[in-house]
Each structure stands twice: as structure tokens, then as C-alpha cells.
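Colleague:
Numbering (this note's numbering), first residue to last: 914 to 1186.
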């Protein structure tokens, strides 16, 4: 999700924007994925690939430091910008969560990532990684970073979210018009995306490490309690799911507690290798 739809996204992006260029196929570069170009960066070596999925309104730069540390563990990493974010152009088609997932699958195939993957996802990226895990047998494990889980987002909740953020659309269009073109269609599709995820069957034996921030993105204490309860219920559905509390962290755990994420990824690698 998003917190302070405009100010938080812009401030965080400015604080960590950047990346490192390397010379190998897909590293970095634009590849055709589902009929449109996506910016991707595939680096490192190994049969297992760690795929990073950003949250709503963020691009791959949120993962730059952590991906570097994961490669130091001897892993291959894949980061990319979803359509309309970072260095990837906006798609002309109406927004669809399955179109996003299909584009990621196409980009992975184009870059030759056909072996097993662990997906590390933040915020809205949780919806994408869960949907991918249900549709692609290559997904060997998930590390969720204060990520969306279906149980929190019922119709009432998504309706309330839209009611809160629609009045901010005008300011977003004025101050960040390119971001608005990507973010607003995604927000308007939130109810249908959440319904899709509630109907998605995630493999019960899929290893999941679920990192849950103490403060997260919502303002109301009752919403935060519901968020924590939804994660607890999700993790209780399978003994293959583990909860990790990010004590003292806000929604951007990669900024507040990066060591916690790297440790979770390292442990997931050991579980699936």
C-alpha cells in the first residue's frame, strides 16, 4: 500500500534512487515483456534467482542496497521496474494485476531465468508475488516485506482506501504527472485486484517468511491491528509460513531494518536449496 500517497513516495524515491550498471544480457536493459518494454537488471550467478518486487508507486531502486548484499551471498538477483515506473514505459492497456504478473513472467523468460526463484516483495508487491506463486511452479519461496495479504483487503476496506486517496489524485497529477499515470489506474483497480487475490489458491507447502512491520502504512490504530491480525491468520494457514516481527520499523522495512530482510532471504535460500 501507500502512506501519504504523494509525499512518502516522492521523498523515499529521492532518498534511495540510483543503481549500478553492469555489462551482461538483461543487466541492465529493456526487454520486451508481454508486448511492451520493461527495464530489468539480472546480475550474479547461480541456479536460484532472487526476484525483487517493489510496492505501489515504487521502482526497483528501493532494492538496490539489499540486492547488492544478496549477490554477495553468491546469489543471482533480478530487479525490474513495472510498467510506468522508473525506467519502464507505461502500457497503453487498462490496468490488470494479471497483466502485471504475465509481464514479470515474460521478462524472466526473456532473460533466461527458467530455474527456481525466490520472490522478495514489498507492500502491493505481495499481491503480485502471491499471484505469481499460484500460477508459476518456478516460485520456490517467498519473502514478504510488510506486504499485502488477501485477508486484509475486503470490499469495505478497498472502498475506504479509494475514498481516502481519490481526493489526492488532483495534487498527484499536478506534482508528479508521470507517477499519477501509473498509480491512479492501479488504485482504481484495487477492489478487483483484491478480489482476485482472495480467490487465489496459494500452494500450502510453499515456504513463506512474512516480515511484518510494527507501524506499517496505515494511520488508524484499529487498521493496524487488523493488518497484524490478517498476517497472523495468513501465516497460521500453513506450517511452511513463518512470521518475523520488524519491531521499531515503519512500512519501508528495507530502509529501517535492512539486516532483517537480508537475514530472511539468507534463511529462505537455505530452506529451498
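We put the beta carbon where it would ideally sit given N, CA and C, even for glycine.
1) Would DSSP call residue 995 helix, strand or coil?
2) Return the residue from the list 1123, 1170, 1164, 1172 that minimises the CA-CA distance to residue 1156.
3) Are three or more beta carbon pairs between the stretch 1053-1060 and the stretch 1068-1087 nearer than 8 Å?
4) Out of 948, 1043, 1039, point me to the one whose CA is closest to residue 1006's CA.
5) Using a Cβ-Cβ cut-off of 7 Å (strictly less than) and excluding sequence neighbours within five positions of residue 1008, which residues of its own chain qualify?
6) If residue 1014 and residue 1041 are in contact, beta carbons under 8 Å, what's the gap, nearest whole angstrom?
7) Taking only runs that begin and end inside the stretch 1036-1083, name each unbroken beta strand (DSSP E) of 3 or more residues, in chain order.
8) Quick check on residue 1118: buried or exposed, where buried means 16 or more other Cβ atoms within 10 Å of its Cβ?
9) Taking the beta strand (DSSP E) that residue 1091 falls in, what are its first and last residues?
10) Would you mind sorting residue 1028 into buried or exposed? The rule is 16 or more other CB atoms within 10 Å of its CB.
11) Give the C-beta separation of residue 1032 and residue 1062 to the nearest angstrom, bearing in mind that I take them to be a contact with Cβ-Cβ under 8 Å.
12) Quick one: give me the first and last residue of the beta strand (DSSP E) that residue 988 is part of.
13) So, for residue 959: in the same chain, excluding its five sequence neighbours on each side, which residues have a beta-carbon less than 8 Å away from its beta-carbon?
14) Please state whether the Cβ-Cβ distance between residue 1001 and residue 1045 is less than 8 Å.
15) With a threshold of 7 Å (Cβ to nearest heavy atom), would residue 1120 be considered close to the ligand MG?
Modeller: With the structure as the only source:
1) Three-state result, residue 995: coil.
2) That would be 1123, whose Cα lies nearest to the Cα of residue 1156.
3) The stretch 1053-1060, when compared against the stretch 1068-1087, does not touch it at the 8 Å Cβ threshold.
4) The shortest C-alpha to C-alpha distance from residue 1006 to any of 948, 1043, 1039 is the one to 948.
5) Contacts found: 1098, 1099, 1102.
6) Confirmed, about 6 Å.
7) Positions of the beta strand (DSSP E) runs, each at least 3 residues long and wholly inside the stretch 1036-1083, are given as 1052-1058 in order along the chain.
8) By the 16-neighbour rule on beta-carbons within 10 angstroms, residue 1118 is exposed.
9) Counting along the chain, residue 1091 falls outside any beta strand (DSSP E), though it belongs to the alpha helix (DSSP H) covering 1090-1101.
10) Flag for residue 1028 reads exposed.
11) Rounded to whole angstroms, the Cβ separation of residue 1032 and residue 1062 is 14 Å, and the two are not in contact under 8 Å.
12) Per DSSP, residue 988 belongs to no beta strand (DSSP E) and is neither H nor E.
13) So the qualifying residues of the chain are 987, 988, 989.
14) Their beta carbons are not under 8 Å apart, which means residue 1001 does not touch residue 1045 by this criterion.
15) The ligand content of the structure shown is nil, which means the ligand MG is not present either.
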